[in-house]
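In this text, residue positions in the sequence shown follow our numbering: the first is 33, and each later residue adds one.
Even glycine gets a Cβ: it sits at the ideal position worked out from N, Cα and C.
Note that the structure is predicted; figures quoted are calculated from it, not measured.
A short write-up of the structure that comes next.
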Amino acid sequence: MRPTTLSILLDTPAAHLFGERTASAGVVLTGTVRLSLRTATKIRRLHLTFSGEQAISYIPHHHSSAGPATRNKRLAYMTQDLIQLGVPELYAAGTHDLPFAFVLPGDLPPTAELLFGHISYSVQAQLVLTGLRSSCVSKVPVVVLRCPGEGSQWAHSVFDALSVGTQWDGRLSVEAAYGSCSVPADTTLVLGVAVSPSEKGFSLLALEAVLKEIQSIYACADDQEGATGVGSVVHRESRLVARKRLAIGAFGTPLDGQNEFGVELSVPPAFAGVQYECESTDIKVSHQLALTALVKTPEGQTIEVVLPAHLFVLPQVSIDGVADLPLYELSGDDQLVQSAESEDQPEIYSQNSSRSSHTAIDSQVYVPLTDLPPYSLPVCLSCGKEDISVLQCRRAIVSKNQIPPNAEIEDMCAGLE
C-alpha cells in the first residue's frame with residue numbers, strides 16, 4: 033500500500049451549460065479531493081487546476097503537400113489551493129476530504145471527440161509533500177455538455193416532430209416521421225415510413241435509414257491556409273453513425289393504398305461513435321438522416337426514392353428540458369454556500385456517500401458572489417436591478433434544485449418576498 037494516495041471525486045458526471053454560447057449561464061463544478069494517508073504526514077501544498085484544451089490537426093485540401101494545419105488553443109485555466117503554500121501542516125493518518133468549486137464560464141465549447149482532434153477538460157490535483165517524498169498527482173476528465181435554450185438553432189428540435197415526404201413521378205409518395213427532430217445518444221429510434229402508390233403494380237423491395245455525421249472546421253481571422261474569409265469552411269470530414277436496412281425480399285411486397293413500415297435505427301453512445309451537436313468559433317458538428325425506399329414499378333423498373341432530413345443528437349437533459357442547478361444558501365461576507373446534495377439525485381452522489389465516515393475539512397463549499405456566472409435574465413421585480421445573476425441577487429436566491437432553462441427571473445422571485 034502506498035503511504036499517500038490522492039483521488040478526485042466529482043459531484044456530477046457532467047457539467048451542463050444552457051443557452052447560446054454568447055449569452056449562456058455558466059455552472060459551478062463541485063467535487064472533493066480525497067487524501068488518504070497511511071501515516072501522519074506533513075503537507076506543504078495541495079494545488080488544484082481546471083483546464084481545457086482544443087487540439088485540432090488537419091490537411092488543407094488546397095495545400096495537401098504543405099503538411100498538417102493545426103487549430104490548438106487553451107480554452108480554460110483556473111487554479112486554487114486547497115492547502116495553502118507555506119509552513120507544512122501535519123495531517124493525521126486516515127482519509128481527509130477537501131471540497132472544491134470551480135465557476136465555469138458559459139461560453140465554453142462542449143467536450144468533443146472529433147475525427148481531426150478533440151476538445152477536452154480535466155481537473156488535476158497536485159499534493160506537495162516535505163522531505164524526500166515525491167509529489168502526488170491525480171487527474172480526472174470533466175465532460176462539458178451544451179444544452180440549447182429557447183431561441184437557439186436547435187431549440188425547435190426538442191418540440192417539433194420530424195416529418196418529411198416526397199413523390200416520384202406523381203405516382204408514388206413516400207413519407208417518414210418521428211416524434212421529434214432530436215434524439216439522445218445511445219438509443220434506438222423507430223422511424224415510421226408510409227409508402228402510398230396511386231396505382232397498382234408497385235412493390236417495395238427495401239427500406240434503408242442512414243445517419244451521417246458531418247464535422248467542419250471554420251476559417252478564422254488569422255488562418256494561413258488561404259481561406260476565402262472568416263466563417264467559411266476550410267476542412268470537412270464525415271462518418272457513418274448508424275445504418276439499418278430492411279430488406280423485403282427478391283420480389284418485394286405489393287403496395288396497395290397506404291402501406292406503413294417501421295425502421296429501427298440504433299444511435300451509438302456519445303463520444304464512442306457519435307458526437308453531440310456542436311458549434312463554436314472553430315468547428316461545427318451536425319447530423320443528416322437519409323431514408324431510401326427501393327421500389328419496383330409496374331413497368332419492372334427499380335427506382336430509389338430518397339428522403340433527406342436533419343436530425344439533432346443532443347444530451348438527454350436538453351431533450352427533457354430541465355436543468356439541474358445546485359442549491360445555494362446565503363452566507364456572510366458576500367458569499368453563497370452550496371448546500372448538501374439534492375434529494376432528487378441520489379445516484380449522482382452515491383459514490384461519495386461514505387464521506388461522513390472520513391475526516392471532512394470545511395465540508396461546505398463557499399463561492400464568492402462576484403465569481404458566479406451571469407444568467408442574462410431581465411429585470412428583477414424584487415430589487416429592480418437589471419442584467420444581474422439570479423444567484424447575485426440577495427432577494428432572489430435560487431430556492432429550487434431544478435429550474436427550466438431560460439426561466440424568467442420574475443417567476444423565481446414571486447415567492448421570495
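query: Cα-Cα separation between L237 and A325, rounded to whole angstroms; result: 8 angstroms
query: Rounded straight-line distance, which links the Cα of V135 to that of T313; result: 22 angstroms
query: Between the CA atoms of P142 and S167 - distance to the nearest angstrom; result: 32 angstroms
query: Cβ neighbour criterion (16 or more within 10 Å) applied to L122; result: exposed
query: Pair within 8 angstroms by beta-carbon distance, G233 and G294; result: no
query: Exposed unless 16 or more other CB atoms sit within 10 angstroms - verdict on H48; result: buried
query: Nearest candidate by alpha-carbon position, reference V227, set E245, Q199 and P216; result: Q199
query: Residues sharing a beta bridge with K328, DSSP; result: S235 and T334
query: Inter-stretch contact (C-beta, 8 angstroms, three-pair minimum) for the stretch 75-85 and the stretch 153-163; result: yes
query: Reduced DSSP secondary structure (H/G/I, E/B, other) of L368; result: The predicted position of L368 is uncertain, since its pLDDT is 46 and thus under 50; a value taken from the coordinates is nonetheless stated next. Reduced to three states, the DSSP call for L368 is strand.
query: Beta-carbon proximity of G126 to L69, cut-off 8 angstroms; result: yes
query: Selection from S205, T81, F303 and A208 that minimises the alpha carbon distance to L346; result: F303
query: Whole-angstrom distance between E145 and F132, CA atom to CA atom; result: 27 angstroms
query: Paired residues, beta bridge with G126 - DSSP; result: L69
query: Buried or exposed (CB count within 10 angstroms, at least 16 for buried), Y308; result: buried
query: Extent of the continuous beta strand (DSSP E) to which Q112 belongs; result: K105 to I115
query: Expected contact under 8 angstroms - CB spacing of V176 and A341 to nearest Å; result: Between A341 and V176 the Cβ distance is about 28 angstroms, and since that is not below 8 angstroms, they are no contact.
query: Exposed unless 16 or more other CB atoms sit within 10 angstroms - verdict on H150; result: exposed
query: Environment of E245 [buried if 16+ CB atoms lie within 10 Å]; result: buried
query: Which of helix, strand or coil DSSP assigns to V273; result: strand
query: Cross-strand partners of Q320 (DSSP beta bridge); result: K244 and H342
query: Three-state class that DSSP yields for S414 in the structure shown; result: Residue placement at S414 is flagged as unreliable, the pLDDT there being 42, under the threshold of 50; a coordinate-derived value is accordingly withheld.
query: Reduced DSSP category for I351 - H, G, I as helix; E, B as strand; rest coil; result: helix
query: When E292, P301 and F344 are compared against A208, the one with the closest alpha-carbon; result: E292
query: Residues sharing a beta bridge with H150, DSSP; result: A87 and E145
query: Local Cβ density within 10 Å of Y109, reported as buried at 16 or more and exposed below that; result: exposed
query: Exposure label - Q333; buried when at least 16 CB within 10 Å; result: exposed
query: Pairwise C-alpha distance: P92 and C252; result: 14 angstroms
query: For P286, the residue or residues it bridges with in DSSP; result: S235
query: Proximity below 8 angstroms, CB of S83 to CB of S154; result: yes
query: Cut-off 6 angstroms between Cβ atoms - residues of its own chain near S388, not counting five sequence neighbours on either side; result: With a pLDDT of only 32 at S388, under 50, the local geometry of the prediction cannot be trusted, and the value read off the model is given with reservation. Excluding residues within five positions, none has a Cβ falling inside 6 angstroms.
query: Between the CA atoms of L61 and D113 - distance to the nearest angstrom; result: 16 angstroms
query: 8 angstroms Cβ cutoff met for L450 and L194; result: Because the chain spans 33 through 449 in this model, residue 450 falls outside it and cannot be assessed.
query: Contacts around Q290, its chain only, beta-carbon distance under 7 angstroms, and the 5 residues preceding and following it disregarded; result: A226 and S228
query: Start-to-end residues for the beta strand (DSSP E) that takes in E7; result: Outside the displayed range of the chain (33 to 449) lies residue 7, so it cannot be described from this structure.
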